[in-house]
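For the protein sequence lines, the chains are A and B, in the order given. Following this note's numbering, the numbering of the first sequence begins with 1 at its first residue and continues without gaps. Following this note's numbering, the numbering of the second sequence begins with 216 at its first residue and continues without gaps. Every residue gets a Cβ at the ideal spot worked out from N, C-alpha and C, and that includes glycine.
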Amino acid sequence: MKAFTTHKGIVAPIDLANIDTDMIIPKQFLKSINRTGFGPYLFDEMRYEDEGWYGKDCATRPLKKEFPLNQARYQGTSILLTRENFGCGSSREHAPWALDDYGIRAIIAPSFADIFYNNCFKNGLLPIILDKGTVSELFEEVEANPGYALEIDLANQVIRRGNGGEIHFQIDAFRKHCLLEGLDEIGLTLQSAEKIQAFETGHRERQPWMFDAIR
Amino acid sequence: MAGKTLYDKLWDAHLVESREDGTALIYIDRHIIHEVTSPQAFEGLRLSGRKPWRIDTNVATPDHNVPTDLDERKGGIDTIVDEVSRIQVRTLDNNCDEFGIKEFKINDHGQGIVHVMGPEQGFTLPGATVVCGDSHTATHGALGCLAHGIGTSEVEHVLATQCLVASKMKNMLVKVDGKLGPGVTAKDVILAIIGEIGTAGGTGYAIEFGGSTIRDLSVEGRMTICNMAIEAGARVGLVAVDEKTIDYMEGRPFAPSSDMWDKAVDYWRTLHSDDDAHFDAVIELNAADIEPYVSWGTSPEMVVPVSGLIPRPEEQSDETRRKGYQRALEYMGLEGGIPVTKIKIDKVFIGSCTNSRIEDLRAAAAVAKGRKKADSIQKVYVVPGSHLVKEQAEAEGLDKIFMEAGMDWREPGCSMCLAMNSDVLGRGEHCASTSNRNFEGRQGAGGRTHLVSPAMAVAAAVTGYITDVRALPNV
Ligand code: SF4
């Protein structure tokens with residue numbers, strides 16, 4: 001997994017609450033059996049006039065000009081700024097894959113949907129929760145300043161604004177550690193393999209009907 | 216010390232390790248696999264040279280994009296028209312064969328929507344931890360187990376380690392008391408609950424549904440309720456075990472065999488919240504106040520009783536909500552202030568893991584009997600949740616009732632719940648649907664979904680409009 005240490009990038013604002021996973025990556029893309037290649041279809045319905053599918057050439061597709069990712073000033077963006085409950089809806093991991101494949105490294109919002117929030121950390125993306133007021137301030141700054149960028153320093157849990165201001169954010173210590181090190185979660189868990197085995201032995205004694213039923 | 220909630224008990228019984236950071240390793244008893252969220256997980260296992268920890272906890276079946284049209288379905292995988300769908304279903308077969316995982320293949324007797332198949336096979340057990348790479352896994356919680364939806368990385372994690380990394384949630388009790396009026400169903404109850412607490416109201420909570428109304432529901436009705444816990448933001452929905460649960464389990468193919476049955480049942484009887492258990496939040500609803508519900512917008516909290524009006528955005532004081540309502544109404548091609556019964560319907564979908572079990576089909580058939588689909592309705596899809604449900608319905612003659620009413624009786628699968636196969640809405644079409652999500656584009660790009668109960672879906676099919684099923688003669 002990609003490690004996340006510090007990252008500086010252009011911020012793109014999407015001023016909408018409750019952006020669901022269908023909007024992030026519409027369901028027709030779930031059919032792919034790959035983990036990569038979803039970037040060109042990120043926000044497909046909001047971004048293009050026509051319908052997309054996995055493998056479609058996006059170079060000639062008609063764009064919805066008002067959508068931020070289609071505007072010149074936000075090209076090369078790697079930080080999304082958005083509103084409440086981002087990522088609600090299904091558990092599809094294609095959503096973080098699509099964001100990652102597009103080049104997004106961090107998302108800033110007042111709140112995230114649970115499953116999506118979890119899925120971000122498993123894919124090297126950093127979701128940052130800031131209070132509503134701060135998010136609104138950032139929206140104003142982004143809109144007023146073309147090329148607006150932020151620097152995110154995960155180790156110090158700080159976002160640095162161009163004007164020198166700093167915003168602190170909260171993050172769970174374990175998640176932070178894994179992101180900083182780019183640690184694979186399965187490998188981490190398997191460090192506890194003996195504990196799992198011991199639990200399993202006891203569980204089999206307590207609830208034997210849970211075992212060997214399916215063949 | 217306060218007693219434990221059902222969720223606390225299930226959590227404690229599966230806790231392998233608590234980590235300093237507040238997360239924990241939870242042991243997983245049952246893992247259901249389908250074709251959409253698993254290929255990348257199996258790919259991950261292969262890439263890292265890992266093997267499944269324990270094979271006998273997994274069952275797989277393709278459901279999300281299997282065709283539900285008989286002609287396309289007959290020939291199995293080979294006749295799936297859409298190439299990508301075909302590849303996904305075939306990939307599931309190959310992966311299950313390679314790793315030795317039990318699979319109900321596309322036209323096997325046991326095939327069905329994951330959340331219909333698990334309980335009906337007795338694969339889902341009270342007291343178990345159940346996971347599946349689909350957010351409606353909470354459905355299984357109706358049997359008193361700890362079930363939640365996971366993402367593809369977690370599918371791989373569970374396969375490789377038999378554990379899930381989880382954080383303990385807070386406890387919420389949603390208590391519904393009293394008798395439901397005639398024509399009011401489990402679906403209406405859960406839509407009313409979501410309307411009350413909102414789509415983020417349950418975020419971070421495990422919701423236990425209790426109260427006399429929930430106890431009076433059948434196990435299938437409870438599944439409908441738990442199914443949509445995620446639409447209220449909660450990953451977990453639960454109902455305590457009672458005699459109905461135990462009766463439901465008896466005789467299912469994977470249920471505990473006779474020598475272990477009594478021991479299992481003794482344990483299952485302990486699976487309820489203690490009287491003095493502490494809940495972090497309690498929401499109470501009165502069953503008598505619940506009418507048939509209909510969604511008018513693009514989020515499951517955008518619901519009103521069938522006697523209600525579509526809300527006017529300009530009357531919403533909260534700005535985010537006002538904007539959301541405006542956008543939703545624009546997308547839906549509707550206006551605030553009009554009665555929901557003025558909404559004209561183009562297609563009807565009866566199915567999905569919310570409402571495709573035998574009792575749902577019976578409820579739908581009871582309304583359809585002796586009636587005809589309105590001429591203005593293009594198509595009515597009736598899609599049973601599994602092959603077993605389909606057979607049972609046919610044995611009861613329900614298929615004939617639907618066909619005589621001009622409705623399509625189809626093969627089991629997710630179908631138009633998410634429209635990954637060719638069952639889709641056209642742009643701008645309105646659909647009365649028994650599924651669980653009314654997001655933009657969910658049932659086809661530009662499609663407009665109205666969430667309703669099976670009986671209400673048929674009422675819409677026979678009148679062409681959203682209609683109060685209680686107002687139809689002889690219902
Ligand atoms: S019926 Fe719909 S919600 Fe249920 S598992 Fe299938 S796609 Fe998911």
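Check                                                                                                                             : Outcome
Opening and closing residue of the beta strand (DSSP E) in which arginine 430/B lies                                              : Taken as a continuous stretch (DSSP letters only), arginine 430/B belongs to no beta strand (DSSP E), being part of the alpha helix (DSSP H) at 427–431.
Chain-ordered residues of the stretch 644–675 of chain B with a beta carbon less than 8 Å from chain A                            : Arg652, Phe654, Glu655, Gly656, Arg657, Ala660
Proximity test, valine 639/B beta-carbon vs the ligand SF4 heavy atom, cut-off 7 Å                                                : no
Near-chain A residues of the stretch 597–614 of chain B (beta-carbon distance less than 7 Å), N- to C-terminal order              : none
Asparagine 651/B: CB within 7 Å of a non-hydrogen atom of the ligand ATP                                                          : No copy of the ligand ATP appears in this structure; the ligands present are the ligand SF4.
Any C-beta of chain B under 8 Å from that of isoleucine 196/A                                                                     : yes
Any non-hydrogen atom of the ligand SF4 within 7 Å of cysteine 629/B CB                                                           : yes
Of the residues Thr21/A, Glu151/A, Arg83/A, the one placed nearest proline 13/A, counting alpha carbons only                      : Arg83/A
Alpha-carbon spacing of isoleucine 408/B relative to lysine 64/A, whole angstroms                                                 : 37 Å
Aspartate 575/B: CB within 7 Å of a non-hydrogen atom of the ligand SF4                                                           : no
Cross-strand partners of alanine 580/B (DSSP beta bridge)                                                                         : The partner list for alanine 580/B (beta bridge, DSSP) is empty, contrary to what the question assumes.
Sufficient close CB pairs (3 or more, under 8 Å) joining the stretch 435–445 of chain B to the stretch 374–382 of chain B         : no
Anticipated Cβ contact below 8 Å, phenylalanine 121/A with arginine 175/A, distance rounded                                       : 5 Å
Own chain partners of alanine 217/B with C-beta closer than 7 Å, once the 5 adjacent residues on each side are dropped            : Asp491, Ala492, His493
Beta-bridge partners of arginine 245/B, as assigned by DSSP                                                                       : Val345/B
Classification of threonine 80/A by the beta-carbon crowding that lies within 10 angstroms, buried from 16 upward                 : Looking at the sequence shown, residue 80/A is not threonine but leucine. Buried.
Cβ-based neighbour list, alanine 401/B, same chain, cut-off 6 Å, excluding 5 preceding and 5 following                            : Leu432, Gly436, Thr439, Ile440
Strand pairing of glycine 452/B, partner residues [DSSP]                                                                          : Ile422/B
Interface partners of threonine 276/B on chain A, CB under 7 Å                                                                    : None at all; the shortest Cβ gap to chain A is about 13 Å.
Rounded separation between arginine 161/A and glutamate 151/A - CA only                                                           : 7 Å
Proximal residues, the stretch 358–381 of chain B versus chain A, C-beta separation under 8 Å                                     : Gly364, Ile365, Gly366, Thr367, Ser368, Glu369, Glu371, His372, Ala375, Thr376, Gln377, Cys378, Val380
Neighbourhood of asparagine 156/A by C-beta distance below 7 Å, restricted to the same chain and skipping five residues each side : none
Residues within the stretch 183–208 of chain A neighbouring chain B, beta-carbon criterion of under 9 Å                           : Asp184, Glu185, Ile186, Gly187, Leu188, Thr189, Leu190, Ser192, Ala193, Lys195, Ile196, Ala198, Phe199, Glu200, His203, Arg206, Gln207, Pro208
Chain B contact for arginine 105/A (CB, 8 Å cutoff)                                                                               : no
Range of the contiguous beta strand (DSSP E) that encloses aspartate 153/A                                                        : 149–153
Close Cβ partners of aspartate 281/A (< 8 Å) along its chain, the five nearest in sequence each way excluded                      : The structure shown does not extend to residue 281/A, since chain A is modelled only from 1 through 215, so no value can be given for it.
Proximity test, Cβ basis, 8 Å: glutamate 318/B and chain A                                                                        : no
Exposed unless 16 or more other CB atoms sit within 10 angstroms - verdict on histidine 177/A                                     : exposed
Any non-hydrogen atom of the ligand SF4 within 7 Å of isoleucine 328/B CB                                                         : yes
Environment of leucine 486/B [buried if 16+ CB atoms lie within 10 Å]                                                             : buried
CB of serine 350/B within 8 Å of CB of serine 90/A, strictly                                                                      : yes
Close beta carbons around threonine 5/A, own chain, < 7 Å, minus the five adjacent residues each side                             : Leu154, Ala155, Leu180
The stretch 540–556 of chain B / the stretch 514–527 of chain B touching (three or more Cβ pairs under 8 Å)                       : yes
Whole-angstrom distance between proline 127/A and tyrosine 117/A, CA atom to CA atom                                              : 7 Å
Outcome for serine 591/B when other beta-carbon atoms lying within 10 angstroms are tallied against a minimum of 16               : exposed
Neighbour flag for isoleucine 553/B against chain A, beta carbons, 8 Å                                                            : no
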